[in-house]
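Each step along the sequence shown adds one to the number in our numbering, with nothing skipped, and position 85 is 161.
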Amino acid sequence: MQLNHSFRRLAMFMALAAWLGDAAQGDESPGSRNQVFQVAKGGEPILLPVLIGGKPYNFIFDTGSGNSMFSTRLKHLLGGPTHSRQVVTTIQPGPFETMLFRAPPITLAHTGRRDVSEVLCVDLKALEPFFGKRVDGVLGFDAVRDLIVQVNFDRGELSILPKVPADAGKEVQLWVVEGIPAVLLELDAGPDFFRIATGRVGAASGSLAARKFGLLMDAGQLSVLGEVT
């Protein structure tokens, strides 16, 4: 993995966080200017309303994708192709080579225009059964890296905050690895970076690289808990 040593500190509060703003869905609170979106509870995939040309579209909130994506059904909104390069996303098992396209202006509620100039164009129809609704794109880390985001899956709320609250809890250093936020974890098989991917949910919410899995198996540190289909 390529490590970007100029790491960034981000505030990503998951279900541990109890502090929430008081704003209504998609509105700003005049005092704190928090923005709160109603999302699925229990760690289900997160869909956010993204405005393109003044029209709302359903985008998956996915910090595990280094680049934002448009569904192939929205290809008519994109500019021409720019260049191809290796990218990392949640929907693929590893880095892959693909073409990038010029992106139209993208807006998320009152956060203003997202700084996204190039996007992928991917067929996302296979994801729609998990959401029960149309999926128009993926809001990747390139679009949200400047935001302070708090997710409370128990209450089904995603908040965009103007600053980190004083009672947010313990600060953890985050690194940007291959364009994706990650934490450095110590395992018996040695330290390694683990990506923070809000698009990884359900049975796929955690995974290990094959080499790390094999080392832990050899050391007797893994055991079978059950099976899923």
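For each residue, glycine too, the CB sits at the ideal point set by N, CA and C.
- The DSSP-derived three-state label of aspartate 264 is coil.
- In its chain, beyond the 5 residues on either side, Ala265 have a beta carbon closer than 6 Å to the beta carbon of leucine 291.
- Distance between cysteine 197 and valine 240, taken at the CA atoms: about 34 Å.
- Per DSSP, arginine 161 is one residue of the beta strand (DSSP E) stretching across 157-163.
- At a cut-off of 4 residues, the continuous stretches assigned as alpha helix (DSSP H) that sit fully inside the segment 215-270 are 217-220.
- Under the three-state reduction of DSSP output, proline 205 falls in the helix class.
- Taking C-alpha positions only, proline 171 is separated from lysine 209 by approximately 28 Å.
- Just so you know, the alpha carbons of isoleucine 122 and glycine 142 end up roughly 17 Å apart.
- Methionine 145 is classed as buried because its beta carbon has at least 16 other beta carbons within 10 Å across all chains shown.
- Taking a cut-off of 8 Å on C-beta distances, the segment 212-232 touches the segment 148-168, as three or more cross pairs fall below it.
- Taking all protein chains shown into account, valine 195 has 16 or more neighbouring C-beta atoms within 10 Å of its C-beta and is therefore buried.
- The C-alpha of glycine 255 lies about 8 Å from the C-alpha of aspartate 218.
- Inter-residue distance for glycine 156 and methionine 175 is about 10 Å (C-alpha atoms, whole angstroms).
- Looking from the CA of phenylalanine 113, the closest CA among Val304, Tyr133, Ala202, Ala185 belongs to Ala185.
- Checking the DSSP bridge columns, you'll see lysine 117 has no partner listed.
- Scanning Ala116, Ile136, Gly119, Lys117 for the CA closest to the CA of proline 125 turns up Ile136.
- Secondary structure of threonine 187 (DSSP, three-state): helix.
- Here DSSP, grouped into helix, strand and coil, assigns glycine 290 to helix.
- Taking C-beta separations shorter than 8 Å and ignoring five residues to either side along the sequence, the partners of serine 193 in its chain run Arg178, Ala179, following chain order.
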